[in-house]
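Numbering (the working numbering), first residue to last: 2 to 227.
For reference, the structure is listed below as structure tokens.
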Amino acid sequence: MFEIGNSLRDARLRQGLEFPQVELATKIRGKYLRAIEEEQFDVLPAETYVKGFLRAYAEYLGLDGQLYVDEYDSRFVVADSIETSERRRSVHRQHAHSFERRAVLLALVGITALAALVIVAWRFGGSSPSTPLVLPPQSGPVAPQLRFSGRGTYIEVRRGSATGPVLYAGTLRRGESNIVSGRRFWILVRHPSKQLRVTLDGKAVALPARKTLAVIVTPTSTALAG
2 MFEIGNSLRD
12 ARLRQGLEFP
22 QVELATKIRG
32 KYLRAIEEEQ
42 FDVLPAETYV
52 KGFLRAYAEY
62 LGLDGQLYVD
72 EYDSRFVVAD
82 SIETSERRRS
92 VHRQHAHSFE
102 RRAVLLALVG
112 ITALAALVIV
122 AWRFGGSSPS
132 TPLVLPPQSG
142 PVAPQLRFSG
152 RGTYIEVRRG
162 SATGPVLYAG
172 TLRRGESNIV
182 SGRRFWILVR
192 HPSKQLRVTL
202 DGKAVALPAR
212 KTLAVIVTPT
222 STALAG
């Protein structure tokens with residue numbers, strides 16, 4: 002175990018670097034660099050940015066970026082990830098229950114509509130069986146499901162585009178499998194493992210072999226995000 006902030010500060014000072022120089026080179030705002038050195042990670046805009054900023058800052062100083070990310074994980078993420086995982090599972094269960102309730106409600110509405118149509122046909126259409134009764138569809142199409150798993154891979158999934166709402170963000174763990182629904186996803190992948198598997202509506206999504214990539218995935222295509 003070592004102190005992340007002090008180690009980075011010492012490396013910066015040894016090289017005679019000031020925050021404006023580092024900010025210009027790394028594109029990381031000075032106040033975030035200062036927060037990293039003071040280990041005030043809650044100042045950064047979101048949890049998903051901490052590891053990227055930490056890795057970029059360490060590597061700019063000639064240090065092992067992965068070592069600093071691992072140290073951050075061991076000290077700050079383990080406890081939070083358990084709580085986050087439980088919260089995520091709870092949200093998934095709530096979504097599943099909500100979907101079931103909507104399905105039951107749609108079924109009841111369909112049955113009621115069918116009964117009303119039969120009554121109207123019986124009253125006004127006579128008893129002749131020669132005229133078929135055409136019924137409307139009972140429910141709309143089900144949105145495709147995006148599934149992803151793969152220990153050690155950092156993945157961020159947003160709906161629609163890079164500015165869309167976050168559906169998932171974090172490093173996948175052993176045995177963890179996630180499901181989100183929709184028709185268009187923006188996906189960011191960092192350091193994909195060999196176990197990474199991504200499917201949409203049951204079909205495998207082919208991802209380019211890159212250390213870091215962003216793609217737009219739909220039921221009909223997969224393309225690199227601009």
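The beta-carbon is built from N, C-alpha and C at its ideal position, and this holds for glycine as well.
Cβ pair residue i, residue j closer than 8 Å
i             : j              : result
tyrosine 73   : leucine 34     : no
tyrosine 169  : arginine 191   : no
proline 220   : leucine 208    : no
alanine 144   : isoleucine 188 : no
arginine 159  : isoleucine 180 : no
isoleucine 37 : leucine 9      : yes
threonine 172 : glycine 153    : yes
leucine 68    : alanine 12     : no
glutamate 39  : glycine 6      : yes
alanine 210   : isoleucine 217 : no
glycine 53    : glutamate 60   : no
Classification of residue i by the beta-carbon crowding that lies within 10 angstroms, buried from 16 upward
i              : result
serine 162     : exposed
leucine 201    : buried
proline 130    : In this predicted model, proline 130 has a pLDDT of only 44, less than 50, meaning its place in the structure is not dependable enough to derive any value.
isoleucine 112 : exposed
arginine 56    : buried
arginine 15    : exposed
leucine 109    : exposed
leucine 62     : buried
serine 150     : buried
Endpoints, alpha helix (DSSP H) assigned at residue i
i            : result
serine 8     : 5-15
valine 218   : It is not in any alpha helix (DSSP H) - valine 218 instead sits in the beta strand (DSSP E) that spans 213-218.
arginine 30  : No alpha helix (DSSP H) holds arginine 30; DSSP gives it neither H nor E.
glycine 161  : Run containing glycine 161: none; DSSP gives neither H nor E here.
arginine 143 : Position check: residue 143 holds valine in this sequence, whereas arginine was assumed. Note, valine 143: premise wrong, no alpha helix (DSSP H); not H, not E.
leucine 68   : 66-73
Residues that DSSP places opposite residue i in a beta bridge
i              : result
alanine 57     : BP columns for alanine 57 are empty, so no partner.
serine 178     : Ser150
lysine 204     : Leu201
alanine 114    : Alanine 114 pairs with nothing; no bridge assigned.
isoleucine 188 : Val158 and Val216
Residue i Cβ short of 7 Å to the ligand ADP heavy atom set
i          : result
serine 194 : The ligand ADP is not part of this structure, which contains no ligands at all.
Boundaries of the beta strand (DSSP E) in which residue i is found, first to last residue
i           : result
leucine 168 : 167-172
valine 224  : Sequence inspection shows alanine at residue 224; the valine mentioned does not correspond to that position. Per DSSP, alanine 224 belongs to the beta strand (DSSP E) from 223-225.
Pair every Cβ in the region 17-26 with every Cβ in the region 40-56, then say whether three or more of these pairs are closer than 8 Å. no
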